[in-house]
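Trainee: Sharing a structure, written as structure tokens. Questions coming.
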Amino acid sequence: MKRTNDRNVVLDAVWACVAKYQYIDRIRDLCICESGRFHNTVFQVTTDGATFFLKVLTTHPDESTESRYEYIADVMGQAAGLGIDVPMPIRNDDGFLLTPCGDWSAVASKGVGGEPFRRGSLQHQHAAGRFLGAWHRAMAEYHPRGTCWIGKLGSFFASDASLYESLPDTAQGEVLREHQDQLTSRFQRIESEMGQAGYSRLARAVIHSEYVAKHVRMGERGVVSLLDFEYVSRDVRAMDIALALEDFPCSSRGRMDFIRDRTQAFLAGYSLSGSPLTVAEINAIPVLLRAWYADSLGYWIRRLARTGQAITLFDVRQRVNEDTQYIDSWRSRAPEFVAMLLEVVFDGFKE
């Protein structure tokens, strides 16, 4: 995909990319099905016999490597062994997972089945928790081939002063430089609190890193498909649980109302793994969530600095304001949330 707004140039690059997959033939339709404001673009390719997806990776070339996608494919294969369908990457005619697509790279996969997750269904909540527990049990000692994603908690990019110096000389770059001191202060505080929470001693596994409702597909037997393995990495399993708990039991993404019976159903399902949440993990969840959003914001700033991605001034201000407010909100509500989890886990499961 060329770095252009010319629709014809973009589609020409995508068609040329798709032509490198002999497996994808007799195409009837090709259209954009997902175009994030800050990330990759996904095209849906419909053939006579199946539906495929082509994800154009608009990240920095250093982050879109064959070795990284070998790691992702290896994790997908292990996940498929748990009895679910995964969007396994398809190798192109040259045997590679990544295919040139204009100035970028792309990865193709086949569509998966299942129905959307229903937040109001306690059965779905229990099944989603049960699957995450099974995943962590299977991935605890698993070490995939290839190069691991750095991990959401691997480094706080936005605390590096040189990063701000490399931002583009635009109004967008200036806004971020204006926020440098307050962002750096927040991130350094979170890093210190992670140490106090015993981050280095928490149980680890290969984690999904974005185990949320929109990435899960359900069927009669529970979770039947799982999407978006972009950020799988070896990290603390409590990160997966933290992200799941701020999404699955809530009335909507980001609402943070943590409906109690849904939370209890999810964690009851997770406990069936034989390795339920520990007190240390529960106490760490608020700071892990703050760290995840802080590092995501730092990663986004890093991408803007390295790729010169065209983002509106409005989007820059909105991203910084929303993420910092969210990070700060978890500091104020942490005691209440931890108390609720402790009660659910240690009192709610008793006969």
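For the sequence shown, the working numbering gives the first residue as 24, with consecutive numbering after it.
Heads up, the beta-carbon is just placed ideally off N, CA and C, and yes, glycines get one too.
Quick one, are the C-beta atoms of residue 240 and residue 135 less than 8 angstroms apart?
Mentor: By 1-based counting over the sequence shown, the position of residue 240 is 217. By 1-based counting over the sequence shown, the position of residue 135 is 112. Going by C-beta atoms, residue 240 is nearer than 8 angstroms to residue 135.
Trainee: On the three-state DSSP scale, how would you describe residue 215?
Mentor: The count along the sequence shown starts at 1 and reaches residue 215 at position 192. If DSSP states are grouped into helix, strand and coil, residue 215 belongs with the helices.
Trainee: Is residue 405 buried or exposed, if buried means 16 or more other CB atoms sit within 10 Å of its CB?
Mentor: Nothing about residue 405 can be reported from this structure: the residues present for the chain run from 24 to 374 only.
Trainee: Do the segment 84 to 95 and the segment 153 to 165 make contact, defined as three or more Cβ pairs closer than 8 angstroms?
Mentor: Taking 8 angstroms as the limit for Cβ pairs, the verdict is that the segment 153 to 165 does not touch the segment 84 to 95.
Trainee: Tell me which residues share the same chain as residue 238 and place their Cβ nearer than 7 angstroms to its Cβ, disregarding the 5 neighbours each side in the sequence.
Mentor: Position 215 of the sequence shown holds residue 238. For residue 238, where only same-chain residues beyond five positions count, the Cβ hits under 7 angstroms are 249, 250, 251.
Trainee: I'd like the list of long-range same chain contacts for residue 99, defined as Cβ closer than 6 angstroms, with 5 residues on each side in sequence excluded.
Mentor: Position 76 of the sequence shown holds residue 99. Excluding residues within five positions, the ones whose Cβ falls inside 6 angstroms are 109, 111, 252.
Trainee: Specify the secondary structure class of residue 34 as computed by DSSP and reduced to three states.
Mentor: The sequence position of residue 34 within the sequence shown is 11, counting from 1. Residue 34: helix per DSSP, three-state reduction.
Trainee: Does the beta-carbon distance from residue 259 to residue 227 come in below 8 angstroms?
Mentor: For the purposes of this step, residue 259 is taken as the residue at position 236 of the sequence shown. For the purposes of this step, residue 227 is taken as the residue at position 204 of the sequence shown. In contact: residue 259 and residue 227 (Cβ atoms closer than 8 angstroms).
Trainee: Starting from residue 286, follow the beta strand (DSSP E) in both directions and report where the run begins and ends.
Mentor: If you number the sequence shown from 1, residue 286 lands on position 263. No beta strand (DSSP E) holds residue 286; the alpha helix (DSSP H) holding it covers 283 to 294.
Trainee: Restricting to Cα atoms, I'd like to know which of 150, 193, 66, 147 is closest to residue 133.
Mentor: Counting from 1 along the sequence shown, the entry for residue 133 is found at position 110. It is 66.
Trainee: Go through the segment 108 to 161 residue by residue and report every complete run of the beta strand (DSSP E) that reaches 3 residues or more, in order.
Mentor: Here the runs fully enclosed are 122 to 124, 127 to 133.
Trainee: Check whether the segment 119 to 128 and the segment 31 to 43 touch, using three or more Cβ-Cβ pairs below 8 angstroms as the test.
Mentor: The answer is yes - the segment 31 to 43 touches the segment 119 to 128, with three or more Cβ pairs under 8 angstroms.
Trainee: Does the beta-carbon of residue 358 have 16 or more other beta-carbons within 10 angstroms, so that it is buried, or is it exposed?
Mentor: By 1-based counting over the sequence shown, the position of residue 358 is 335. Flag for residue 358 reads exposed.
Trainee: Would you mind giving the Cβ-Cβ distance between residue 288 and residue 149, rounded to the nearest angstrom? I have them listed as a contact below 8 angstroms.
Mentor: Stepping through the sequence shown from its first residue, residue 288 is reached at position 265. Stepping through the sequence shown from its first residue, residue 149 is reached at position 126. 5 angstroms between Cβ atoms; contact.
Trainee: For residue 235, which residues does DSSP report across the bridge?
Mentor: Here residue 235 refers to the residue found at position 212 of the sequence shown. Its beta-bridge partners do not exist; DSSP assigns none.
Trainee: Tell me which residue opens and which closes the alpha helix (DSSP H) that residue 245 is part of.
Mentor: By 1-based counting over the sequence shown, the position of residue 245 is 222. Segment 245 to 249 is the beta strand (DSSP E) holding residue 245; no alpha helix (DSSP H) there.
Trainee: What did DSSP end up calling residue 168 once you bin it into helix, strand or coil?
Mentor: Your numbering for residue 168 matches position 145 in the sequence shown. Three-state result, residue 168: coil.
Trainee: Whose C-alpha, out of 318, 114, 285, is nearest the C-alpha of residue 212?
Mentor: Here residue 212 refers to the residue found at position 189 when the sequence shown is read from its first residue. It is 318 whose Cα lies nearest to the Cα of residue 212.
Trainee: Terminal residues of the continuous alpha helix (DSSP H) containing residue 258?
Mentor: In the sequence shown, residue 258 corresponds to position 235, counting from 1. Where residue 258 is concerned, there is no enclosing alpha helix (DSSP H), although the beta strand (DSSP E) it sits in stretches over 256 to 259.
Trainee: Give the C-beta separation of residue 369 and residue 309 to the nearest angstrom, bearing in mind that I take them to be a contact with Cβ-Cβ under 8 angstroms.
Mentor: Here residue 369 is taken as the residue at index 346 of the sequence shown, counted from 1. Here residue 309 is taken as the residue at index 286 of the sequence shown, counted from 1. Contact flag wrong, Cβ pair sits at about 18 angstroms.
Trainee: Measuring straight from C-alpha to C-alpha, what distance separates residue 298 and residue 160?
Mentor: Locating residue 298 in the sequence shown gives position 275, counting from the first residue. Locating residue 160 in the sequence shown gives position 137, counting from the first residue. Cα to Cα, the separation comes out at about 8 angstroms.
Trainee: Please report the straight-line C-alpha distance between residue 264 and residue 49, rounded to a whole angstrom.
Mentor: For this step, residue 264 is matched to residue 241 along the sequence shown. For this step, residue 49 is matched to residue 26 along the sequence shown. When rounded, the distance between both Cα atoms is 42 angstroms.
Trainee: Quick check: what's the CA-CA separation for residue 282 versus residue 272?
Mentor: Position 259 of the sequence shown, counted from the first residue, corresponds to residue 282. Position 249 of the sequence shown, counted from the first residue, corresponds to residue 272. Cα to Cα, the separation comes out at about 6 angstroms.
Trainee: Going by DSSP, which residues form a beta bridge with residue 350?
Mentor: Here residue 350 corresponds to residue number 327 of the sequence shown, with the count starting at 1. Note: residue 350 sits in no beta bridge, so no partner.
Trainee: Nearest by alpha-carbon distance to residue 313: which of 290, 351, 131 is it?
Mentor: Numbered from 1 along the sequence shown, position 290 holds the residue referred to as residue 313. With distances taken between Cα atoms, residue 313 lies closest to 351.
Trainee: Could you please give me the residues that DSSP links to residue 227 through a beta bridge?
Mentor: Here residue 227 refers to the residue found at position 204 of the sequence shown. Its beta-bridge partners are 259.
Trainee: When we look at the beta-carbon of residue 367 and count the other beta-carbons within 10 Å, is it buried (16 or more) or exposed?
Mentor: Position 344 of the sequence shown, counted from the first residue, corresponds to residue 367. Residue 367 comes out buried.
Trainee: Quick one, which of 34, 68, 303, 245 has its alpha-carbon nearest residue 137's?
Mentor: Walking along the sequence shown from the start, residue 137 turns up at place 114. Comparing Cα positions, the closest option is 245.
Trainee: Below 8 angstroms between beta carbons: does that hold for residue 55 and residue 195?
Mentor: Translated into positions along the sequence shown, residue 55 becomes position 32. Translated into positions along the sequence shown, residue 195 becomes position 172. Not a contact, by the Cβ cut-off of 8 angstroms.
Trainee: For residue 50, name the three-state secondary structure that DSSP assigns.
Mentor: Within the sequence shown, residue 50 is the residue found at index 27, counting from 1. It is a strand residue.
Trainee: For residue 242, which residues in the same chain have their Cβ closer than 6 angstroms to its Cβ, ignoring the five residues on either side in sequence?
Mentor: If you number the sequence shown from 1, residue 242 lands on position 219. The answer, listed in chain order, is 137.
Trainee: Measuring only the C-alpha atoms, how far is residue 117 from residue 126?
Mentor: Here residue 117 corresponds to residue number 94 of the sequence shown, with the count starting at 1. Here residue 126 corresponds to residue number 103 of the sequence shown, with the count starting at 1. Cα to Cα, residue 117 sits roughly 19 angstroms from residue 126.
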